[in-house]
Amino acid sequence: MAENIEIPVSVGPMNEGERVRGPDMFAELAGPKSYGFELVKVVDNASDEIHVIGKELDEMEEGSRTPFAVIVNVGGESLEEDLEGVLERRIHEIFNYIEGVMHLNQRDSVWIRINKDSAEKGLKLKHIGRVIQDIYKAEFPFIKHVEVKLITEPDVVKDELEKAREIYAKRDEKTKNLHEEDVDVFYGCIMCQSFAPTHVCVITPDKPALCGGINYFDARAASKIDPEGPIFEIPKGNCLDENKGIYDAVNDVIYERSQGAIEAMTLHSVMDRPSTSCGCFEAITFYIPEVDGFGIVDRSYKGETPIGVPFSALAGQCSGGRQVEGFCGMSISYMKSPKFFQADGGWKRVVWLPKELKEKVKDGILEEMIDKIATEEDVSNITELQEFLKNKNHPVVENWGSMEEEVGTDEEEVEREESYGDEETEMSVSTMNLPTGFGGLPHNVKIILKNATIKAEKIIIMRETEKPKKK
Ligand code: SF4
82 MAENIEIPVS VGPMNEGERV RGPDMFAELA GPKSYGFELV KVVDNASDEI
132 HVIGKELDEM EEGSRTPFAV IVNVGGESLE EDLEGVLERR IHEIFNYIEG
182 VMHLNQRDSV WIRINKDSAE KGLKLKHIGR VIQDIYKAEF PFIKHVEVKL
232 ITEPDVVKDE LEKAREIYAK RDEKTKNLHE EDVDVFYGCI MCQSFAPTHV
282 CVITPDKPAL CGGINYFDAR AASKIDPEGP IFEIPKGNCL DENKGIYDAV
332 NDVIYERSQG AIEAMTLHSV MDRPSTSCGC FEAITFYIPE VDGFGIVDRS
382 YKGETPIGVP FSALAGQCSG GRQVEGFCGM SISYMKSPKF FQADGGWKRV
432 VWLPKELKEK VKDGILEEMI DKIATEEDVS NITELQEFLK NKNHPVVENW
482 GSMEEEVGTD EEEVEREESY GDEETEMSVS TMNLPTGFGG LPHNVKIILK
532 NATIKAEKII IMRETEKPKK K
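For my numbering, count along the sequence shown from 1 and bump the result up by 81.
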């Protein structure tokens, strides 16, 4: 019989979306400046106990940061191992249901904060354990036992983290020999619509969910056991474009599930109607127009990309359920897929990624491309990247000639239009296409000048945050 534990704060969907900023924070568990993970395992002998291994919340100092792991062992007759990933993903939601608790990310990149108000009200880790038990049992009646381990002892977290990573890798391996052409249905997930209302993940054997936590088999098991839940079957329908991965029935479902916001989606292109991005993606692919190639940056990389901005700023460009051409959130395991952005050239268009990520996905990168893709150790800006790619004879360099020709055409057009005006400097109508955003991301600004007279020695265009230097 489970111990009677009273929860001192409110629990429910009304607390979702609550943020805990630095000044309001009582404690930070795991996160980018520490380490930790979350894991659900289906076991035969799960008890109904809650174990806190290491310091409880009331034993921590205000403002402290600590390694943290949550391991949930579940038991029940109809439970399959394939459900582990999906149940694990629910931990995110459950933590966020608790007043004063913020949970971000998943697997070994979890990041949790507890606010001062809830700590003052007496919230403890054991209460979080009880909420997990209650919600699992209420939402999944086939789960009979839920044993929760909440670990803050740094050495124990470290040891268990290695074991958890082996389990994640095994799960990711499962879909290796199954492909989109072998199946009749894909799966959709709308779990992230609570904060990204138009986001729909389409999960196929070749494309795991962008949070990295749910693969094709996980989704299949979840939709079978809870057909009315947030993970559902999507019939493939007719293939409209195999290379890009466009299917008519998939588009119909996306349209309906995104409340009419997204009409069509490609599975394997960044440049043409890419997947929507919620905010949980493990990595982001972004187009770099100056080299006509793609950079990739993952959540754990803290430095700047060669276009001068970090992961967080790039993520801000496309998260919230938006479909933004030139940006696409994705899981790290998709980088090992044979269909990895195949419509845009796949690995032959990738020009930059962080060194640690490159090591992680090395066995998925085309062998002839490994040395041609730069990391932060090779380049730190676009000029250095261009030089690196030229020296390495990267395939994107072949396209640079045609890019220059296109620029020439625009300039000629401006000249032509200028000639309609006064012979001096007056332009009747003139247009300039300027790259803008982060170091020239693919949003063009068109400046239209009508009957304008411009006289200037110099025009300086700078980012809004930069202040002009005084002379
Ligand atoms: S990222 Fe996609 S698969 Fe993962 S929880 Fe969100 S909607 Fe579901």
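Each residue gets a CB set at the ideal place from its N, CA and C atoms; glycine is no exception.
- Exposed unless 16 or more other CB atoms sit within 10 angstroms - verdict on residue 490: On the sequence shown, position 409 is the one that residue 490 refers to. Because residue 490 carries a pLDDT of 45, less than 50, the predicted location of this residue cannot be relied on, and no value is offered for it.
- Query: Just the Cα atoms here: how many angstroms apart are residue 215 and residue 185?
  - Reply: Here residue 215 refers to the residue found at position 134 when the sequence shown is read from its first residue. Here residue 185 refers to the residue found at position 104 when the sequence shown is read from its first residue. Approximately 21 Å between the Cα atoms of the pair.
- Apart from the five residues just before and just after residue 141, which ones in its own chain have a Cβ nearer than 7 Å to its Cβ? For the purposes of this step, residue 141 is taken as residue 60 along the sequence shown, with counting starting at 1. Closer than 7 Å at the Cβ level, and outside the excluded window around residue 141, lie 108 and 147.
- Under 7 Å from any heavy atom of the ligand SF4, does the C-beta of residue 399 make it? Within the sequence shown, residue 399 is the residue found at index 318, counting from 1. Because no heavy atom of the ligand SF4 lies under 7 Å away, the Cβ of residue 399 does not count as near it: no.
- Item | Limits of the beta strand (DSSP E) - the one that residue 204 falls within | Mapped onto the sequence shown, residue 204 falls at position 123. Premise fails: residue 204 is in no beta strand (DSSP E) and is neither H nor E.
- Query: For residue 374, which residues does DSSP report across the bridge?
  - Reply: Mapped onto the sequence shown, residue 374 falls at position 293. According to DSSP, residue 374 bridges with 369.
- Message: Measuring only the C-alpha atoms, how far is residue 167 from residue 300?
- Response: Your numbering for residue 167 matches position 86 in the sequence shown. Your numbering for residue 300 matches position 219 in the sequence shown. Roughly 7 Å between the two C-alpha positions.
- Just list the beta strand (DSSP E) runs in the segment 256–287, keeping only unbroken ones of 3 residues or longer that don't cross its boundaries, in chain order. 266–270 and 282–284
- Message: Taking 7 Å as the cut-off, is the C-beta of residue 280 nearer than that to any heavy atom in the ligand SF4?
- Response: Mapped onto the sequence shown, residue 280 falls at position 199. Flag set: Cβ of residue 280 near the ligand SF4.
- Query: What residue range is occupied by the uninterrupted beta strand (DSSP E) comprising residue 131?
  - Reply: Against the sequence shown, residue 131 aligns to sequence position 50. First-last of the beta strand (DSSP E) with residue 131: 131–134.
- Which full runs of the alpha helix (DSSP H) of 4+ residues lie inside the segment 424–472, going along the chain? 436–441
- Message: At a threshold of 7 Å, does residue 409 count as lining the ligand SF4 (C-beta to nearest heavy atom)?
- Response: For the purposes of this step, residue 409 is identified with residue 328 of the sequence shown, where counting begins at 1. Flag unset: Cβ of residue 409 not near the ligand SF4.
- Message: Rounded to the nearest angstrom, what separates residue 478 and residue 360 at their Cα positions?
- Response: Taking the sequence shown and counting its residues from 1, the one referred to as residue 478 is at position 397. Taking the sequence shown and counting its residues from 1, the one referred to as residue 360 is at position 279. Their Cα atoms are separated by approximately 32 Å.
- Task: May I ask whether a heavy atom of the ligand SF4 can be found less than 7 Å away from the beta carbon of residue 216?
- Result: Along the sequence shown, one-based indexing puts residue 216 at 135. False, no ligand heavy atom lies under 7 Å from that Cβ.
- Kindly confirm or deny that the segment 336–347 and the segment 291–309 touch, where touching means at least three C-beta pairs closer than 8 Å. no
- Message: Just verifying my parser: in three-state terms, what is the DSSP assignment at residue 480?
- Response: Locating residue 480 in the sequence shown gives position 399, counting from the first residue. Three-state result, residue 480: helix.
- Under a Cβ-count criterion, where at least 16 other Cβ atoms within 10 Å of its own Cβ denotes burial, should residue 95 be classed as buried or exposed? Stepping through the sequence shown from its first residue, residue 95 is reached at position 14. Classification for residue 95: exposed.
- Task: Decide if the segment 196–213 is in contact with the segment 170–179; the criterion is three or more beta carbon pairs, one per stretch, under 8 Å apart.
- Result: yes
- Query: Can you tell which of 277, 447, 154 and 199 has the C-alpha that lies nearest to the C-alpha of residue 224?
  - Reply: Start at 1 with the first residue of the sequence shown, and residue 224 comes out as number 143. Checked all of 277, 447, 154 and 199; the closest Cα to residue 224 is 154.
- Task: With a threshold of 16 other CB atoms inside 10 Å of the CB of residue 355, please say whether the residue is buried or exposed.
- Result: If you number the sequence shown from 1, residue 355 lands on position 274. Buried.
- Query: Whose C-alpha, out of 194, 205 and 99, is nearest the C-alpha of residue 135?
  - Reply: Counted from its first residue, the sequence shown places residue 135 at position 54. Ranking 194, 205 and 99 by Cα distance to residue 135 puts 205 first.
- Item | With 16 other Cβ atoms within 10 Å as the buried cut-off, status of residue 471 | For the purposes of this step, residue 471 is taken as residue 390 along the sequence shown, with counting starting at 1. It is exposed - the Cβ of residue 471 has fewer than 16 other Cβ atoms within 10 Å.
- Message: Using DSSP's beta-bridge definition, name the partner residues of residue 119.
- Response: For the purposes of this step, residue 119 is identified with residue 38 of the sequence shown, where counting begins at 1. Residue 119 pairs with 151.
- Tell me whether residue 230 sits in a helix, a strand or coil according to DSSP, three-state version. Residue mapping note: residue 230 aligns to position 149 of the sequence shown, counting from 1. In this structure, residue 230 counts as strand in the three-state DSSP scheme.
- Item | Distance CB(residue 346)-CB(residue 283) smaller than 8 Å | Residue numbering aside, residue 346 sits at position 265 when the sequence shown is read from its first letter. Residue numbering aside, residue 283 sits at position 202 when the sequence shown is read from its first letter. Yes, Cβ-Cβ distance for residue 346 and residue 283 is below 8 Å.
- Message: Using only the alpha-carbon positions, how far apart do residue 310 and residue 280 sit?
- Response: Reading the sequence shown from its first residue, position 229 is the one you call residue 310. Reading the sequence shown from its first residue, position 199 is the one you call residue 280. If I take the Cα positions, the gap works out to 16 Å.
- residue 164 CB to nearest heavy atom of the ligand SF4 below 7 Å: What you label residue 164 is simply residue 83 of the sequence shown in a count that begins at 1. The answer is no for residue 164.
- Query: Got a sec? Which residues, its chain only, sit under 6 Å from residue 367 by beta carbon, not counting five neighbours each side?
  - Reply: Here residue 367 refers to the residue found at position 286 when the sequence shown is read from its first residue. Contacts found: 376, 395 and 408.
- Message: What would DSSP say about residue 314, mapped onto helix, strand or coil?
- Response: In the sequence shown, counting from the first residue as 1, residue 314 sits at position 233. Strand at residue 314.
- Query: Would residue 92 pass as a contact of residue 119 if the rule is Cβ separation under 8 Å?
  - Reply: Along the sequence shown, one-based indexing puts residue 92 at 11. Along the sequence shown, one-based indexing puts residue 119 at 38. No.
- Would DSSP call residue 408 helix, strand or coil? Locating residue 408 in the sequence shown gives position 327, where the first residue counts as 1. Looking at residue 408 - three-state DSSP - the assignment turns out to be strand.
- Message: At a threshold of 7 Å, does residue 342 count as lining the ligand SF4 (C-beta to nearest heavy atom)?
- Response: Position 261 of the sequence shown, counted from the start, is the residue given in the question as residue 342. False, no ligand heavy atom lies under 7 Å from that Cβ.
- Query: Looking only at its own chain, which residues have a Cβ that is under 8 Å from the Cβ of residue 158, when we skip the five neighbours before and after it?
  - Reply: Here the question's residue 158 lines up with position 77 in the sequence shown. So the list reads 223 and 225, once near-sequence residues are dropped.
- So, helix, strand or coil for residue 399, using DSSP? Here residue 399 refers to the residue found at position 318 of the sequence shown. Residue state, collapsed to three classes: helix.
- Hey, would you say residue 560 sits closer than 8 Å to residue 439, going by beta carbons? This structure cannot settle anything about residue 560, because the visible part of the chain is limited to 82 through 552.
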